[in-house]
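Counting with our numbering, you get residues 55 to 120 for the letters of the sequence shown.
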Amino acid sequence: MDDVFNAIDSATGCQPYDRNPPEHQGTCWRVTGPTVDGESVAIGVEAFLDKKRRRCMLCTVFRTGE
Numbered sequence: 055m056d057d058v059f060n061a062i063d064s065a066t067g068c069q070p071y072d073r074n075p076p077e078h079q080g081t082c083w084r085v086t087g088p089t090v091d092g093e094s095v096a097i098g099v100e101a102f103l104d105k106k107r108r109r110c111m112l113c114t115v116f117r118t119g120e
C-alpha cells in the first residue's frame, strides 16, 4: 500500500482510461508514478457506486517497465 500511496502522491501522469469498458459502470483512470523504491508503476482506478449506492474505488497496480 505504501507504493500505491507514493505513486498517487508523486503522480507523473493521470489520464482517462477508455480502452476497455468499465467493469462496474464507473469512471476509469490510469495514474502513473513511482513506488517508494523509485520503480515506475501505473495504477488503474475505477470509481463507482455499489448496489447500496456507496462510493467505491477499485485500484489495480501494473509495472510499466520504465
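From the three backbone atoms N, C-alpha and C, an ideal C-beta is built for every residue, glycine too.
Check, Outcome
"Member of R84, G67, V58, C68 whose CA lies at the smallest distance from the CA of N74", "R84"
"Spatial neighbours of P88 in its chain, beta-carbon cut-off 8 Å, leaving aside the 5 residues before and after", "N60, A61, S64, T66, S94, V95"
"Residues of its chain near T118, where Cβ-Cβ distance is below 8 Å and the 5 sequence neighbours each way are ignored", "T86, S94, V95, A96"
"Runs of alpha helix (DSSP H) lying entirely within the segment 55–79, each at least 4 residues, in chain order", "56–63"
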